[in-house]
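Take any residue in the sequence shown, count from 1 to its spot, add 812: that is its number in this note's numbering.
Working notes for the structure below.
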Amino acid sequence: MRQAIMKTFRRTNVVLTGFLLINCFFIGPQFPGIKAQEAELSLAEPPETRNCSQQNDFFECLSKYNPLKFETGELKWFKTSDLKRLAKKVSKPKPVHAKGTTIVTVEIIIDTRGEVVCSRATSGHPLVRVATLNAIEKWKFNPYKVDKKPTAIAGRISFKFEGNKVSF
């Protein structure tokens with residue numbers, strides 16, 4: 813009976829801000845006399861993060877570049893085309909031998925010197941995330957300038973892994 817009940821559970825995962833994950837279990841209509849009382853609250857694993865401070869959080873690193881600085885011009889949101897234009901040293905992540913197509917999305921912050929100060933992978937297979945972050949931490953850029961003044965920039969890049977090919 814217990815195994816039959818366990819097979820009828822449906823699991824619903826809801827991800828909230830701050831990587832809070834709520835797991836709820838519901839019993840199907842096959843057992844109308846049994847009510848599910850079980851609910852589980854746990855923290856989801858945060859995305860992989862690199863190059864951040866020792867307290868080590870992407871959001872902490874981003875807070876150094878307060879979003880209010882967007883208004884003052886101290887921090888800009890980049891487009892991928894801007895990033896390609898500013899690139900001095902960009903090596904694509906090494907392809908991980910995986911079947912099919914995998915897309916990894918990475919958020920990065922580039923400081924006024926053109927160095928990647930924070931990066932975190934927000935989607936994609938864990939092995940591919942690691943390969944992508946390893947490549948990004950070596951990237952170098954010419955400083956992004958607004959009115960001839962170097963400006964920090966932040967944004968997202970999506971990498972598409974297809975067999976042995978990588979594109980962004």
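The beta carbon of each residue, even a glycine, is placed where N, CA and C say it ideally should be.
Which value, in whole angstroms, describes the spacing of the CA atoms of residue i and residue j?
| i | j | result |
| --- | --- | --- |
| Asp959 | Gly975 | 43 Å |
| Ile1016 | Gly912 | Because the chain here runs from 813 to 980, residue 1016 falls outside it and cannot be looked at. |
| Thr944 | Thr963 | 25 Å |
| Val918 | Ile969 | 5 Å |
| Ala966 | Lys977 | 26 Å |
| Ser931 | Lys961 | 23 Å |
| Lys957 | Arg941 | 30 Å |
| Asn954 | Val928 | 11 Å |
| Glu947 | Gly926 | The question names Glu, but residue 947 is Ala in the sequence shown. Cα to Cα, the separation comes out at about 15 Å. |
| Leu895 | Thr924 | 14 Å |
Determine which residues share a DSSP beta bridge with residue i and list them.
| i | result |
| --- | --- |
| Pro962 | Lys957 |
| Gly912 | None, per the DSSP bridge assignment. |
| Lys900 | Lys900 is not bridged to any residue. |
| Gly967 | Ile920 |
Taking the alpha carbon of residue i as the point to measure from, which residue in the options has its own alpha carbon closest?
| i | options | result |
| --- | --- | --- |
| Ser979 | Leu898, Glu927, Ile915 | Ile915 |
| Gly936 | Ala947, Leu895, Phe971, Lys900 | Phe971 |
| Ala899 | Asn946, Pro938, Arg941, Lys952 | Lys952 |
| Ala933 | Arg925, Gly926, Glu949 | Glu949 |
| Phe973 | Val928, Leu939, Leu895 | Leu939 |
Any chance you could list the alpha helix (DSSP H) runs of at least 4 consecutive residues sitting entirely within the region 921-948, in chain order?
938-948
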